[in-house]
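For reference, each letter of the sequence shown is one residue, going 1 to 280 in our numbering.
Glycine residues also receive a C-beta, built at the ideal position from the N, C-alpha and C atoms.
Every value quoted in this text rests on a predicted model; they were computed, and no experiment measured them.
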Amino acid sequence: MTRPVPARVVGGLRDRGPIEATVDTITVGDAAVLVELTGPEGRLAGLAHRPDGPAPERSDPDVETLLSWAAGTENGGGGETPVATALGLAAANALSAPHVVWRTGDPMVLLDAEVDRIATVGLFRPAFRKFDDVAVSVIERDPVGEVSAPAGVRVETVTPDATATAMAGAEVVFITGSAFVYGGAERYLDAVPEAATAVVVGATASFLPEPLFDAGADVVAGASVTEPRQVRAAVEAGACGTTLHDAGVRKVYVATDRARGVRVGGAGRSKRGGENHDRE
């Protein structure tokens with residue numbers, strides 16, 4: 001069986017040489033988690049969405065423990081709790097940062113005006129303000145009730161068992177990086193129609209892009225921490241979204257040459273990764 005994407009990310013990091021980083025600070029907020037490391041490249045920081053549930057019992061994990069929490073299975077992360085998995089992914093994001101050639105931008109803002117139908121895995125409420133004259137099928141694990149959206153944005157919500165129907169006819173599919181915490185990310189990527197562009201989006205999946213490209217993603221849209229101290233304070237205060245970005249988080253992405261429906265340029269890569277990763 002193919003290894004889960006996070007396990008392949010960890011393997012890709014090890015392929016780049018010994019992991020010599022040490023843990024400086026771990027911050028668990030109400031909406032996000034932040035892991036700060038020190039390595040040969042200097043100070044590194046990675047963010048992830050904070051899921052529901054308790055923090056892990058172990059309060060001082062080392063880098064190897066964090067990476068074991070990240071590696072996971074097809075049904076979710078490898079941490080003892082979802083929060084532990086998120087911390088592991090944040091550590092993988094931090095370690096990936098020196099190896100990824102990110103571009104600044106938000107693919108949700110860069111949706112082509114010609115796109116008529118999209119699907120999202122996860123409810124991206126603020127993103128609806130960025131869309132116009134488009135039908136959106138939202139796949140959500142939990143009931144979300146009525147969803148308000150601007151005029152011209154037509155929203156329907158379905159549960160994961162209706163994924164194939166929701167994605168049918170979609171030109172672009174946005175998949176939350178949080179699916180690597182909760183499980184099912186690879187299954188959602190497999191379900192994306194061949195003609196559609198798959199965009200994995202969110203701070204949680206800000207790691208080496210090649211495993212995601214190999215799994216079917218065409219664009220990886222993550223977050224780069226530019227001001228760790230300010231972001232730490234924001235995370236401690238429970239910040240998310242715009243508040244975090246104002247504190248020192250940059251929206252970034254990498255894309256393959258086959259991405260369509262979003263105005264991004266390919267090919268995306270990491271500094272030792274291959275280019276032009278088409279869906280296999």
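Starting from residue i, trace the beta strand (DSSP E) both ways and give me its first and last residue.
| i | result |
| --- | --- |
| Thr-163 | Taken as a continuous stretch (DSSP letters only), Thr-163 belongs to no beta strand (DSSP E), being part of the alpha helix (DSSP H) at 163-167. |
| Glu-20 | Unbroken run through Glu-20: none, as it is neither H nor E. |
| Thr-176 | 172-176 |
| Glu-156 | 153-158 |
| Val-121 | 117-121 |
May I ask you to report which of helix, strand or coil DSSP gives residue i?
| i | result |
| --- | --- |
| Arg-279 | Its pLDDT being 33, under 50, Arg-279 is placed unreliably in this model, and the value from its coordinates should be taken loosely. Reduced to three states, the DSSP call for Arg-279 is coil. |
| Val-138 | strand |
| Pro-51 | coil |
| Val-28 | strand |
| Arg-272 | The predicted model places Arg-272 with a pLDDT of 49, which falls under 50 and marks its position as unreliable; any figure quoted below should be read in that light. Residue state, collapsed to three classes: coil. |
| Glu-41 | coil |
| Val-100 | strand |
| Glu-36 | strand |
| His-110 | Checking the sequence, you will find Leu at residue 110 rather than His. Reduced to three states, the DSSP call for Leu-110 is coil. |
| Gly-145 | coil |
| Gly-79 | coil |
| Gly-88 | helix |
| Met-1 | Low confidence applies to Met-1: its pLDDT is 46, below 50, so where it sits in the model is not reliable, and the reading given next is rough at best. Reduced to three states, the DSSP call for Met-1 is coil. |
| Val-264 | coil |
| Pro-56 | coil |
Please list the terminal residues of the continuous alpha helix (DSSP H) segment that includes residue i.
| i | result |
| --- | --- |
| Arg-14 | 5-15 |
| Ala-71 | 63-71 |
| Phe-124 | Taken as a continuous stretch (DSSP letters only), Phe-124 belongs to no alpha helix (DSSP H), as it is neither H nor E. |
| Phe-180 | 179-182 |
Given a cut-off of 7 Å on the beta-carbon distance, is the pair residue i and residue j in contact?
| i | j | result |
| --- | --- | --- |
| Ala-179 | Ala-185 | yes |
| Val-252 | Gly-216 | no |
| Val-249 | Val-220 | no |
| Pro-193 | Met-167 | yes |
| Asp-24 | Glu-36 | yes |
| Pro-211 | Arg-8 | yes |
| Leu-47 | Ala-203 | yes |
| Ala-119 | Val-63 | no |
| Gly-79 | Trp-69 | yes |
| Pro-56 | Val-181 | no |
| Ala-205 | Gly-183 | no |
| Ala-233 | Leu-244 | no |
| Ala-91 | Leu-66 | yes |
| Glu-227 | Thr-27 | no |
| Val-147 | Val-158 | no |
Inside the segment 188-262 only - alpha helix (DSSP H) runs reaching at least 4 residues: 210-214, 228-236 and 242-248
Inter-stretch contact (C-beta, 8 Å, three-pair minimum) for the segment 137-155 and the segment 228-243: no
The segment 161-168 in contact with the segment 94-108 per 3-pair CB rule at 8 Å: no
Validate contact between the segment 79-88 and the segment 134-143 using beta carbons, cut 8 Å, 3 pairs: no
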